[in-house]
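Residue numbers (the working numbering): 1 to 138.
First up is the structure itself, then whatever we jot down about it.
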């Protein structure tokens, strides 16, 4: 399985191989790509007959498929879609039980409700500050 990438420095598309973490007998409930502790991560939610497991895979060397490493396997009580990783290492998940958004500590597997008035489209993202000017050519 692969993901498309876009390089802003030369305006070109590329392909990024995802980890070999799929068994044909497993049912995949959700997948997402995000950043986990400054590295690319791939999150996959697997459904084992109503028992859900979230796996967090991290790429230690960008572009090298063999550098994917499973960092965490989180047993979920209810279905939750991994949305994005926080800078403190916690993972925000949407759709867990009756909560709109929860924060999960992958080391302790503790889950905490996030108190938010409105969450539009269950969307969150990760950003890094940059001084790059995208509207000017080199």
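Glycine included, C-beta positions come from ideal geometry on N, C-alpha and C.
Model, not experiment: these values are computed from the prediction.
Query - Helix, strand or coil at residue 67 [DSSP, three-state] - result: In this structure, DSSP gives residue 67 a helical state, which the three-state scheme calls helix.
Query raised in the report: By how many angstroms is the C-alpha of residue 4 removed from the C-alpha of residue 13?
Result: The straight-line gap separating the alpha-carbon atoms of residue 13 and residue 4 is approximately 7 Å.
Requested in this report: Tell me, please, which residues DSSP counts as bridged to residue 15.
Outcome: DSSP links residue 15 through a beta bridge to 4.
Requested in this report: Note the first and the last residue of the continuous beta strand (DSSP E) segment covering residue 42.
Outcome: In this chain, the beta strand (DSSP E) harbouring residue 42 covers 39-48.
Query raised in the report: Exposed or buried, what is residue 11 when buried is set at 16 or more other beta-carbons lying within 10 Å of its beta-carbon?
Result: Residue 11 is exposed by the Cβ-count criterion.
Requested in this report: Look up residue 76 in the DSSP assignment and say whether it is helix, strand or coil.
Outcome: Reduced to three states, the DSSP call for residue 76 is strand.
Report task. Taking 8 Å as the cut-off, decide whether the C-beta atoms of residue 41 and residue 58 are in contact. Result -> Contact: yes.
Requested in this report: Could you check which residue in 8, 48, 19 and 1 has the C-alpha nearest to that of residue 195?
Outcome: Residue 195 falls outside the range modelled here, since the chain spans only 1 to 138, and no answer is possible.
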